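Numbering follows full-length UniProt numbering, with no gaps: position 48 of the sequence shown is 48.
Take a look at the structure below.
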Amino acid sequence: MLFAVHAKDKPGHLETRLATRPAHLAYWEQNDPELVLAGPFLDDDGKPCGSLIVVRADDLAGARALIDADPYAIAGLFESVTIQPWNWALKRPEGV
1 MLFAVHAKDK
11 PGHLETRLAT
21 RPAHLAYWEQ
31 NDPELVLAGP
41 FLDDDGKPCG
51 SLIVVRADDL
61 AGARALIDAD
71 PYAIAGLFES
81 VTIQPWNWAL
91 KRPEGV
């Protein structure tokens, strides 16, 4: 099952994001089978201000566990996190 994650950064935490980014990327490399797609939301100045992550998990608890273990979450970067089941309807690559 796919889950879409919308994580909004806390205001003024760009340095936390930048400092934690290598660990965040390494975490998702280790969890590659569960990661479908991901990338930052950008503010009006083009700077990261949140994340869109789509993960594969058996249930909401599994998706939540993946996100809670993300170094960004552990570092306290996120102001809010919304996780919802998601159906990839259009332009879904074969095998995903």
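Quick reminder that beta carbons are idealized off the backbone N, C-alpha and C, glycines included.
Predicted model, so just to flag it, every value in this text is computed and none were measured.
Comparing alpha-carbon positions, the option among Ala26, Ala38, Gly76 lying closest to His6 turns out to be Ala38.
Ranked by Cα distance from Lys8, the first of Asp45, Pro71, Glu79 is Glu79. In this structure Thr82 is exposed. Its beta-carbon is surrounded by fewer than 16 other beta-carbon atoms within 10 angstroms. The C-beta distance from Ala4 to Val54 rounds to 5 Å, short enough to meet the 8 Å contact threshold.
By alpha-carbon distance to Ala63, the top candidate from Asn31, Lys10, His13 is Asn31. Burial is judged here by how many other beta carbons sit within 10 angstroms of a residue's own beta carbon; Ile74 has fewer than 16 and is exposed.
Counting only the Cα atoms, Asp58 lies some 32 Å from Asp43. By the beta-carbon neighbour count (other beta carbons within 10 angstroms, threshold 16), Arg17 is buried.
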